[in-house]
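This report concerns only the one structure given below.
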Amino acid sequence: MNGFIAFVASHRAEMAARLGEHVLLVVASTAIAAAIGIPLGIIAARRPALSKPIVGFANLTQTIPSLALFGFLIPLPFIGGIGTRTALVALTLYAVLPILRATITGIQGVAPPVVESAVAMGLTPRQVLWQVEWPLALPSIVSGLRVAVVIGVGTATIASAIGAGGLGDYIFRGLAMVDPTVILAGALPAAALAVIADGLLAAAGRVADPRRRSKGGVAMVVALSLVVVAGAWFTKGSASRADVVVGSKNFTEQVVLGELVAQTIERATGLKVERRLNLGGTAIAHEALLSDGIDVYVEYTGTSLTAIFKEPPANDSDQVFNRVRERYAAVGLTLLPKLGFNNTFAILVRGDAAQNAHLSRVSELAGVAGRWTAGFGYEFLERPDGWPGLSAAYGLRVSGEPRVMDLNLIYRALAAGEIDLTAGDATSGLIEALKLVALEDDRHYFPVYDAAPVARSTMLLEHPEVAAALRRLEGRISAAEMRRMNYAVDGERKDPAAVVRAFLDMIGGIAPGE
Amino acid sequence: MTAIQFSDVSASRGSRGVLHDVSLAVAAGEVVALVGRSGSGKTTLLRLVNRLLEQDRGSVLVDGRDTREWDPIELRRRTGYVIQDVGLFPHLTVAANVATVPRLLGWDAARVGARVGELLTLVGLDANAYAARWPDELSGGQRQRVGLARALAADPPVLLMDEPFGALDPITRAELHGEFLQLQKTLRRTVLIVTHDMAEAWALADRIAILHEGRIIACDTPARLAESTDPRVMELVKHR
């Protein structure tokens, strides 16, 4: 708890900004969803023939998992890309259903004799709607808004995966660093936000009840809501785009490398750098580059070759690098020199299990793995150079089907004994932190995964000093250095920015004129 | 003078014919009861008057003018409408319910307020005690009184009533019957009242029109109907 308080104290401004982004995402998406869902609900309530397809479509959007929805949206023109816009579209789609349903329920719940009387008294259709149906449906509509907002506060945490910011940044960062304090820094304010927003809307619902309607009450709810939104807008900070936007995927090493690239540019050029770290995977980071959402991030050559360009894996470091550089150049991206380490996959087992079974090589696994359960990240399980190829190359069989697990959780799951075998990053700091053992890839199955920055060529033309600065990182980071930095973050709970600062101070030669 | 004139009216709901060549003239200030079994077409006939429904053939004249020529909104604002379920607006107070049509007609607040007080008194409710109440705080009889006050608010020459006292207990019903007759003596409205209760028709109406399978098989004063030899009429009359 002390750690949490210290974290909050030292990250006050940043937390306020994330909270502000979160509130705006939820408020804006709910408002748009209300603007769509309420009129649609009114139409659907009047025409039952229309209501089935409308509600059906809204139901369908609700069943799409949020990350999958982001995946669909990112390549789309206008509404796609990464960042706030796509997050808003997704959150809006999720918020429409509860509002739509509540509107239909509310309108259809008005007693037929009441509507009949209204019509018979000579109210025009518009007057029937606004003077009779609307006020009577309002409590139901407000309850739909409450559901939408509470769902929105939760779902908006995932917006972080596509660089839209919000409190999810802490949750994903905390998961990547296996640091509950950081997770809490995102989860606690999100929970508080959900409770407060629900309370505010409950108050709005009471004000909407004609029996208790009072001008003071309405004014108070409106004023409170305005304060919340204005506060969020204020703390969110300026929205103007920085000179260079640095991205990273969502695991510790990527965050460290993102920080490394960002600080290198800052030290060498003095340009304004924005960080969009913790993007939700290779595809999202790559799409972000293509759609100008980010300017540069560090990728691994083997990943580019197979996962992005769909070519068969290869083992020659330079050959792979050159091939990938060509493919990137064709889509307007520049692959900068390799940073020095090869983050290939490592087959991991628990240290004590390795000792008991006298394991040090992957080929020795064949004898024991039949009794072991395996769990892998989704990418590893699906990629041709992942589990399918590995199990064929070594003739490996495990007990049952391998489980699909979140990348951030597999190390812990392994350490806790939930699984006995997994594939992790060869440079993961958690290997030491959780007393795991990486088995030697004695048949050289895994291809090379040399880390190298990929940048938008137009940005590099605009800022040639950025290319110059990043070239100076060539070969400066060994696998041991990378593991040490990862461990400093994962094992010693140090701030990635501080770890990178210390590293850059140590290697020197980055600042201009040196 | 004829206030409402049905001429050879046929109407259907969906594909089912409900009214067949119905003709009926209601004089101004007259109370006519429409009586018949469920499905005989009496509610349909009533709703043709304020154009909640429209006939397939024939014509309905209100104040000498075809309902299809009336602006339906204008027609409805000068036609009071009272139904069994009352249909008071639950989100409005008693006073606001009664004030609905006057406000739609753009009366100023002082006139509306005075009219509401006058009407509540007219239907036997203490205006001071009931004006600020909510509909769900009232008994069935009180709700029906408010419904009647609301229907009379803009002084409509025509009053349409569909089973207005059907949901009330016998004592309250008898009480309201008495008050209705009292009111009618002073107001002299043209009233079309649908009921399945022969005794009610007997008590309230100047003339009774008996509907049978979409046709009017008899229309006369209660006294004359009592002498009818038509077995279908005799069957209904004996339940009075």
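Here the protein sequences line up with chains A and B, keeping their order.
Residue 243 in the numbering used here sits at position 161 of the first sequence, and the numbers go up by one each step.
Residue 715 in the numbering used here sits at position 23 of the second sequence, and the numbers go up by one each step.
Each residue gets a CB set at the ideal place from its N, CA and C atoms; glycine is no exception.
Test: residue i CB closer than 8 Å to a CB of chain B
i, result
"A:Phe89", "no"
"A:Thr206", "yes"
"A:Pro217", "yes"
"A:Pro195", "yes"
"A:Ala321", "Low local confidence applies: a pLDDT of 48 at A:Ala321 is under 50, so the model's placement there is unreliable, and no value is given."
"A:Val338", "no"
"A:Ser199", "yes"
"A:Val289", "no"
"A:Val214", "yes"
Backbone secondary structure at residue i - three-state DSSP
i, result
"A:Arg407", "helix"
"A:His93", "coil"
"A:Ser320", "Because the pLDDT at A:Ser320 is just 48, under 50, the model does not fix this residue reliably, and the value given afterwards should be weighed accordingly. DSSP places A:Ser320 in coil when its eight states are reduced to three."
"A:Ile376", "coil"
"A:Asn568", "helix"
"B:Leu830", "coil"
"A:Asp434", "helix"
"A:Asp587", "helix"
"B:Leu860", "coil"
"A:Asp251", "helix"
"B:Thr785", "coil"
"A:Gly329", "strand"
"B:Ser704", "strand"
"B:Asp758", "strand"
"A:Gly471", "helix"
"A:Arg128", "helix"
Within-8 Å CB hit, residue i to chain A
i, result
"B:Phe857", "no"
"B:Leu737", "no"
"B:His888", "no"
"B:Thr882", "no"
"B:Ile696", "no"
"B:Leu840", "no"
"B:Arg837", "no"
"B:Leu744", "yes"
"B:Leu796", "yes"
"B:Pro782", "yes"
"B:Thr921", "no"
"B:Thr759", "no"
"B:Asp777", "yes"
Beta bridge counterpart(s) of residue i as assigned by DSSP
i, result
"A:Phe427", "A:Asp507"
"B:Gln697", "B:Ala717, B:Leu753"
"B:Ala725", "B:Ile885, B:Ile900"
"B:Gly772", "B:Leu851"
"A:Tyr527", "Looking at the DSSP assignment, A:Tyr527 forms no beta bridge with any residue, so it has no partner."
"A:Leu155", "Beta-bridge pairing links A:Leu155 to no other residue."
"A:Glu381", "A:Ala534"
"B:Asp912", "B:Ile900"
"A:Leu361", "A:Lys331"
"A:Thr416", "A:Ala537"
"A:Gly457", "A:Arg485"
"B:Leu917", "DSSP lists no partner for B:Leu917."
"A:Glu522", "A:Arg443"
Proximity winner among the options, relative to residue i (alpha-carbon distances)
i, options, result
"A:Leu415", "A:Arg407, A:Gly422, A:Asp488", "A:Arg407"
"B:Thr887", "B:Leu814, B:Asp700, B:Ala717, B:Val724", "B:Val724"
"A:Ser481", "A:Leu266, A:Ile125, A:Val450", "A:Val450"
"A:Leu283", "A:Tyr531, A:Glu335, A:Gly85, A:Ile223", "A:Ile223"
"A:Leu227", "A:Leu417, A:Met203, A:Pro195, A:Asp280", "A:Asp280"
"B:Pro848", "B:Val925, B:Leu840, B:Asp854", "B:Leu840"
"A:Asp251", "A:Phe458, A:His545, A:His93", "A:His93"
"A:Pro271", "A:Glu544, A:Arg100, A:Gly590", "A:Arg100"
"A:Met564", "A:Ala534, A:Met541, A:Val581, A:Thr509", "A:Thr509"
"A:His104", "A:Thr187, A:Tyr410, A:Gly268", "A:Gly268"
"A:Ala113", "A:Val178, A:Arg128, A:Pro130", "A:Val178"
"A:Arg357", "A:Gly363, A:Thr263, A:Glu348", "A:Glu348"
"A:Pro180", "A:Pro217, A:Gly234, A:Trp216, A:Arg128", "A:Gly234"
"A:Ser330", "A:Ala238, A:Ala115, A:Asp377", "A:Asp377"
"A:Gly457", "A:Met487, A:Val431, A:Ala448", "A:Met487"
"A:Leu463", "A:Gln209, A:Gly422, A:Ala389, A:Ala150", "A:Ala389"
"B:Leu726", "B:Tyr822, B:Glu927, B:Trp894, B:Gly709", "B:Trp894"
"A:Gly362", "A:Pro135, A:Leu512, A:Pro529, A:Tyr460", "A:Tyr460"
C-beta neighbour in chain C for residue i, strict 8 Å
i, result
"A:Met203", "The structure shown contains no chain C; its protein chains are A and B."
Mind pulling the alpha helix (DSSP H) runs of 4 or more residues that sit fully within the stretch 799-828 of chain B?
Scanning the stretch 799-828 of chain B for uninterrupted alpha helix (DSSP H) segments of 4 residues or longer gives 801-814, 819-822, listed from N- to C-terminal end.
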